[in-house]
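Each remark here refers to the structure printed beneath this line.
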Amino acid sequence: MYVKRDEQDRIELVSGGMTPDCREGIAPDSPELLAFLKQDQNRQLQELRSTDLEFVRVLEDVIELLMDKGVISFTDLPDAAREKLMARQSLRRRVNSVDLLDENDDEDNGLI
Numbered sequence: 001m002y003v004k005r006d007e008q009d010r011i012e013l014v015s016g017g018m019t020p021d022c023r024e025g026i027a028p029d030s031p032e033l034l035a036f037l038k039q040d041q042n043r044q045l046q047e048l049r050s051t052d053l054e055f056v057r058v059l060e061d062v063i064e065l066l067m068d069k070g071v072i073s074f075t076d077l078p079d080a081a082r083e084k085l086m087a088r089q090s091l092r093r094r095v096n097s098v099d100l101l102d103e104n105d106d107e108d109n110g111l112i
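Residue numbers for the sequence shown follow full-length UniProt numbering, so the first one is 1 and each next one is one higher.
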C-alpha cells in the first residue's frame, strides 16, 4: 500500500500501487492505515445515510407519478409498502397544514 500525507503528516490518500501522489509505502496492517480506512469508511457511510432521506422523497414522487399515469396502481404495491406510503403521505399533509404563526402577527404575539 502507498499513501500521500498532508502537511500535518496525516494520511490523506491511499493507493494499492505507487502513483505520482502516493509514493510512501506502508504496511497493509499498519494501525495508522487501518484507522484512516475506518475513518474514511465511516465518512462514506454517513454521506450515504444523508442522501437516503432525500432519496425517499424522490421514490415517493416516482411512485405517485407512476400511479397518476396508470402505469401501476396503489393495489399493485405490497401491503407493507402501501402502509408506509399512506403513513408518510398522511404525515406530510399534517406537517404541511400546520401553521403555528399567523402571517399578520409579529414573533412575540404569534403563539397559539
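Just so it is clear, CB atoms sit at the ideal spot from N, CA and C, and this is done for glycine as well. These figures come from a predicted structure and were not determined experimentally.
Counted within 10 angstroms of its Cβ, other Cβ atoms place V3 as buried (16 or more) or exposed: buried
What residue does the beta strand (DSSP E) around R10 start on, and which one ends it? Counting along the chain, R10 falls outside any beta strand (DSSP E), and DSSP gives it neither H nor E.
Apart from the five residues just before and just after residue 179, which ones in its own chain have a Cβ nearer than 7 Å to its Cβ? Coverage of the chain is limited to positions 1 through 112, which leaves residue 179 absent and any answer about it impossible.
Answer yes if the stretch 8-15 comes into contact with the stretch 29-46, meaning at least three C-beta pairs across the two stretches below 8 Å, and no otherwise. yes
Which residue marks the beginning of the alpha helix (DSSP H) containing residue 117, and which one marks its end? Outside the modelled stretch of the chain, which goes from 1 to 112, sits residue 117, for which no answer is possible.
Helix, strand or coil for V3, going by three-state DSSP, please let me know. The three-state secondary structure of V3, taken from DSSP, is strand.
Less than 6 Å separating the Cβ of T75 from some heavy atom of the ligand FMN? The ligand FMN is not among the ligands present in this structure, which contains no ligands whatsoever.
Let me check one thing: in DSSP terms, what residues is E24 bridge-paired to? V3
Could you check what DSSP says for S90 in three-state terms: helix, strand or coil? S90: helix per DSSP, three-state reduction.
Cutoff 6 Å; reference M18; Cβ partners in own chain excluding five residues on either side: Closer than 6 Å at Cβ, skipping near neighbours: Y2.
So, for R5: in the same chain, excluding its five sequence neighbours on each side, which residues have a beta-carbon less than 8 Å away from its beta-carbon? I11, E12, E24
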